[in-house]
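Student: Handing you a structure now.
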Amino acid sequence: MPATLSKLLERHGVLAAMTPQNLSRAFVGAVLITYGVKVAYPLVDSLINKPNKQHDSVNNNLVPVLPSKPSEPKGIRSRLRKNIPALNFTFILQFLKLVRIMIPNLFCTETALLSGHTMFLFLRTFLSIYVANLEGAIVKYIVRKEPKNFIRQLLKWFGVAIPATFINSMIKYLESRIALAFRTRLVNHSYQLYFKNQSYYRVTVLDGRLDNCAQRLTDDIEIVANTVSHLYGQITKPLFDILLMAIALANLTRSRNANIITGPILISAVVVVSALILRLVSPRFGQLVAQEAEKKGYLRHVHTRLVTNAEEIAFYGGQKVELSHLKNAYRILCQHMEHMFGVKLWFVMLEQFLMKYVWSGTGMVVVSLPILMNATSGGGSTREENSKSESKSSFAANVVGSTGDVPIMVQGGSPNGDSISERTHYFTTAKNLLLTGSNAVERLMSSYKDVVELAGHTARVANMFHVLEEVSNGQYTKTVVQKNGGDDIKSGFQIEFKGDQPVPKGKIIYTSSNEIVLKNVPIVTPNCDVVCPTLSLHLQPGEHLLITGPNGCGKSSLFRILSGLWPIYDGELHTPKNSMFYIPQRPYMVIGNLRDQIIYPDTPADMINKQVREEDLREIMKMVHLEHIVERDGFTIAKDWTDILSGGEKQRMAIARLFYHKPKYALLDECTSAVSIDVESSIYQAAIDLGITLLTITHRPTLWKFHTHILQFDGTGGWDCKPLDADDRIKLKREKEQLLSAKQTDETRMRLDELNRLLGE
Numbered sequence: 011m012p013a014t015l016s017k018l019l020e021r022h023g024v025l026a027a028m029t030p031q032n033l034s035r036a037f038v039g040a041v042l043i044t045y046g047v048k049v050a051y052p053l054v055d056s057l058i059n060k061p062n063k064q065h066d067s068v069n070n071n072l073v074p075v076l077p078s079k080p081s082e083p084k085g086i087r088s089r090l091r092k093n094i095p096a097l098n099f100t101f102i103l104q105f106l107k108l109v110r111i112m113i114p115n116l117f118c119t120e121t122a123l124l125s126g127h128t129m130f131l132f133l134r135t136f137l138s139i140y141v142a143n144l145e146g147a148i149v150k151y152i153v154r155k156e157p158k159n160f161i162r163q164l165l166k167w168f169g170v171a172i173p174a175t176f177i178n179s180m181i182k183y184l185e186s187r188i189a190l191a192f193r194t195r196l197v198n199h200s201y202q203l204y205f206k207n208q209s210y211y212r213v214t215v216l217d218g219r220l221d222n223c224a225q226r227l228t229d230d231i232e233i234v235a236n237t238v239s240h241l242y243g244q245i246t247k248p249l250f251d252i253l254l255m256a257i258a259l260a261n262l263t264r265s266r267n268a269n270i271i272t273g274p275i276l277i278s279a280v281v282v283v284s285a286l287i288l289r290l291v292s293p294r295f296g297q298l299v300a301q302e303a304e305k306k307g308y309l310r311h312v313h314t315r316l317v318t319n320a321e322e323i324a325f326y327g328g329q330k331v332e333l334s335h336l337k338n339a340y341r342i343l344c345q346h347m348e349h350m351f352g353v354k355l356w357f358v359m360l361e362q363f364l365m366k367y368v369w370s371g372t373g374m375v376v377v378s379l380p381i382l383m384n385a386t387s388g389g390g391s392t393r394e395e396n397s398k399s400e401s402k403s404s405f406a407a408n409v410v411g412s413t414g415d416v417p418i419m420v421q422g423g424s425p426n427g428d429s430i431s432e433r434t435h436y437f438t439t440a441k442n443l444l445l446t447g448s449n450a451v452e453r454l455m456s457s458y459k460d461v462v463e464l465a466g467h468t469a470r471v472a473n474m475f476h477v478l479e480e481v482s483n484g485q486y487t488k489t490v491v492q493k494n495g496g497d498d499i500k501s502g503f504q505i506e507f508k509g510d511q512p513v514p515k516g517k518i519i520y521t522s523s524n525e526i527v528l529k530n531v532p533i534v535t536p537n538c539d540v541v542c543p544t545l546s547l548h549l550q551p552g553e554h555l556l557i558t559g560p561n562g563c564g565k566s567s568l569f570r571i572l573s574g575l576w577p578i579y580d581g582e583l584h585t586p587k588n589s590m591f592y593i594p595q596r597p598y599m600v601i602g603n604l605r606d607q608i609i610y611p612d613t614p615a616d617m618i619n620k621q622v623r624e625e626d627l628r629e630i631m632k633m634v635h636l637e638h639i640v641e642r643d644g645f646t647i648a649k650d651w652t653d654i655l656s657g658g659e660k661q662r663m664a665i666a667r668l669f670y671h672k673p674k675y676a677l678l679d680e681c682t683s684a685v686s687i688d689v690e691s692s693i694y695q696a697a698i699d700l701g702i703t704l705l706t707i708t709h710r711p712t713l714w715k716f717h718t719h720i721l722q723f724d725g726t727g728g729w730d731c732k733p734l735d736a737d738d739r740i741k742l743k744r745e746k747e748q749l750l751s752a753k754q755t756d757e758t759r760m761r762l763d764e765l766n767r768l769l770g771e
């Protein structure tokens, strides 16, 4: 390219005096000056703007976003500012914790794989030394013009190719196996924590520290496992290479009667200086990787929200707003990636300059020293006694390019053992050994960047494990909108806080009796909103409870407290263990066949242990009026039941689960709102006949007759629990409807208010 540019300039009479060498030097000099300005400008700018250093460090933490476009969410910025992964003591502790998970003991599969991998890495280093000597011998016999010895060495070369290819393939195979084994250990450990004590629910509802937990469970764990497996070979193999190559080079240099100290000192000095320079100008790869993972997770989060709420968005026609959110998330990711590419461009340029060219030049000097500084290497020459001396002498002269006394090669070597072929043998072998060693040092220094990037993913995975462990033990950390607001103080209940986090002081006591007892239990949301300051309730089997009240009064929240999903901040809850079955308004359809829908969360093995047959499942389906689905699809065909079943069929399928499990208590949250009244009445009567005590949230007066007690919330923290007279309540309901259709007066309004209070509406 420089030669072409030079000819073009000369053709137009420009820079005719400039040679291609000068042009190349000018180009390299311009690049170095540009890079120097690139490195020096931030230092000079920091000195000039020293008073604003703290402010700049905060503002420059992320890629600038154009003010005319939507900005990045504040949550991501605040989290990134708090924790910037780096090679520090925290990273070492986090990494050791992951290592203990990936390698649980010395006698495990992972240890065996690592031992085999280490053995093959060691063999590969020995093979590299052997190949380096073999190449030197091949070049030596080429210089000597000895075809037989050349062919013999070439056959050895092809013979070495078979074990070499096997060793290289085994190294890659074992690296992949180690990565898979590490990932399996981490995945099993994370799944165990994720499902322990319903942490999958608590970490998203009750705790706010983990965003995009799915990405950490999948992508981040995979990256950590692959990076650790790759780094093991990336670090172990260069260490073997450096050690054994140094020994081999020392022996080779000693055979030349040269100084074995000068070369290593020179190489070490160059490597140390290069490492210091790279360390000084190295970007914060850990921070960049952590930011990249956050932005990718946010983009995935926006996609997931779109998929989850696709129907609602389509009804609203909100595709324009959702598209803007997606474009904004992708734009933020693109800006960060462009920033990373720009940072890596200059760093890789400097890295390649030092490792490829500076190190190569130093290696050439070190390899040449035993030849150039050896006193016996340039002495007088001897004459061959055979008839081919002149031709060999001419060949040697052409090789060394000298015009004076030319060392004439002897078949058995010169008297001082320093013929051109021997020097060529030494130079080729030493050069190959030094190239292998320099590549090892280069890989070792380049692995620093991979380790820093590993720190970013390690911090995310280790933080996930830490949060899951705390959440499974009931320790939550979440941003609270208000603390100790006026409403809860006026009501006589005050949440106790430790720092910024509320302290749940209530107790859950599992009893052998089948009674449910609440003693002064407040209903508090995860955001610390006190819905009901205190609730006391005593419910016995057979006392079917109807729960009414306006929206947001605590009806569904009571079910979450009874199920143990929400913490209790005061009082006591006495309940029988594993005695409740909750059915929401929107039932959950699992992956599997029709039988799996009915017996969920049981497995087919659990069904067999309970001695439940398919005939029993058919009877249950008849009770909920879904026998036509059994006739149509059977029990063993897997389908997407979420799309196949209608809203009413899904609710009746959830009731079929209730009839299969036959719990002591059923928590029914508007679970039959899409079912016809006649089918609904038969379902409730069947549940009572099975001995299931019902706790129902409903607005249908037709279900009043199936309940014996009523719990009314007034929406302001008050409540009333009393026996339910269904006939009297129906009369009040009819009176209210008549007053609503009549002319409104002061008396009718007063009566309507009274009826609403009595009906809890």
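Numbering (this note's numbering), first residue to last: 11 to 771. Virtual Cβ for every residue (Gly too), placed ideally from N, Cα, C.
(1) Alpha carbon to alpha carbon, how far is Val-640 from Arg-628?
(2) In the DSSP assignment, find the alpha helix (DSSP H) that holds Val-527 and state where it starts and stops.
(3) Less than 8 angstroms between the beta carbons of Tyr-675 and Met-599, yes or no?
(4) Once DSSP output is grouped into helix, strand and coil, what is the label at Leu-655?
(5) Can you list, in chain order, the residues of its chain whose CB lies under 8 angstroms from that of Ile-647, leaving out five sequence neighbours each side?
(6) Rounded to the nearest angstrom, what separates Gln-163 and Val-238 at their Cα positions?
(7) Does the beta-carbon of Gly-509 have 16 or more other beta-carbons within 10 angstroms, so that it is buried, or is it exposed?
(8) Just curious, the alpha helix (DSSP H) that Asp-679 is in, first and last residue?
(9) Go to Ile-630, then tell me how far its alpha helix (DSSP H) extends in each direction, as first and last residue.
(10) Measuring alpha carbon to alpha carbon, tell me which of Ser-546, Ile-698, Val-462 ends up nearest Gln-297.
(11) Near Arg-662, which residues of its chain fall below 7 angstroms by C-beta distance, leaving aside the five closest residues on each side in sequence?
(12) Using only alpha-carbon positions, find the residue among Leu-249, Val-153, Leu-196, Met-617 that is nearest to Asn-236.
(13) Based on Cα-Cα distance, which residue from Pro-514, Lys-529, Asn-524, Gln-362 lies nearest to Arg-453?
(14) Going along the chain, which unbroken runs of the alpha helix (DSSP H) with 4 or more residues stay wholly within the stretch 686-733?
(15) Which residues in the same chain have their Cβ closer than 7 angstroms to the Cβ of Lys-753, if we skip the five residues on either side of it in sequence?
(16) By how many angstroms is the C-alpha of Ile-693 removed from the C-alpha of Leu-333?
(17) Got a sec? Which residues, its chain only, sit under 6 angstroms from Gly-307 by beta carbon, not counting five neighbours each side?
(18) For the beta strand (DSSP E) containing Leu-545, name the first residue and the last one.
(19) Taking contact to mean 3 or more Cβ pairs, one atom from each stretch, closer than 8 angstroms, check whether the stretch 239-248 and the stretch 123-132 are in contact.
(20) Is it right to say Phe-503 is buried, meaning 16 or more other beta carbons lie within 10 angstroms of its own, or is it exposed?
(21) Are Arg-470 and Ala-300 touching if we call contact CB-CB under 8 angstroms?
(22) Could you tell me the alpha carbon to alpha carbon distance between Arg-341 and Ala-320, rounded to whole angstroms?
(23) When the distance is taken between beta carbons, is Thr-708 closer than 8 angstroms to Ala-680?
(24) Would you call the stretch 531-541 and the stretch 566-576 in contact, with 3 or more CB pairs under 8 angstroms?
(25) If we ignore side chains and look at the alpha-carbon of each, how far apart do Ile-687 and Thr-712 end up?
(26) Can you tell me the Cα-Cα spacing of Leu-116 and Tyr-201, whole angstroms?
(27) DSSP state of Val-420, grouped into three classes?
(28) Does Met-474 come out as helix, strand or coil in the three-state DSSP assignment?
(29) Buried or exposed: which applies to Val-541, given that a residue is buried once 16 or more other Cβ atoms fall within 10 Å of its Cβ?
(30) If Gln-208 and Leu-478 are in contact, beta carbons under 8 angstroms, what's the gap, nearest whole angstrom?
(31) Within 10 Å of its beta-carbon, does Cys-344 have 16 or more other beta-carbons around it, so buried, or fewer, so exposed?
(32) Would you mind sorting Asp-763 into buried or exposed? The rule is 16 or more other CB atoms within 10 Å of its CB.
(33) Can you tell me whether DSSP reads Thr-758 as helix, strand or coil?
(34) Locate the alpha helix (DSSP H) running through Met-617, then write down its first and last residues.
(35) Would Leu-364 and Ile-287 qualify as a contact pair, given that the criterion is a beta-carbon distance under 8 angstroms?
(36) What residues are listed by DSSP as bridge partners for His-584?
Tutor: Put simply:
(1) 7 angstroms
(2) Premise fails: Val-527 lies in the beta strand (DSSP E), 526-534, not in any alpha helix (DSSP H).
(3) no
(4) coil
(5) Asn-603, Leu-604
(6) 39 angstroms
(7) exposed
(8) Unbroken run through Asp-679 is the beta strand (DSSP E), 675-679; no alpha helix (DSSP H).
(9) 624-633
(10) Val-462
(11) Val-634, His-635, Leu-636, Val-685
(12) Leu-196
(13) Gln-362
(14) 687-699
(15) none
(16) 44 angstroms
(17) Asn-222, Gln-225
(18) 540-549
(19) yes
(20) buried
(21) yes
(22) 22 angstroms
(23) Ala is not the amino acid found at residue 680; the sequence shown has Glu there. Cβ atoms of Glu-680 and Thr-708: closer than 8 angstroms.
(24) yes
(25) 7 angstroms
(26) 23 angstroms
(27) Confidence at Val-420 is low in this model, with a pLDDT of 32, below 50, so the placement of that residue should be treated as unreliable; the coordinate-derived value is given next. Correct three-state label for Val-420: coil.
(28) helix
(29) buried
(30) That belief does not hold up - the Cβ atoms of Gln-208 and Leu-478 are roughly 11 angstroms apart, past 8 angstroms.
(31) exposed
(32) exposed
(33) helix
(34) 614-619
(35) yes
(36) Ile-519, Val-527
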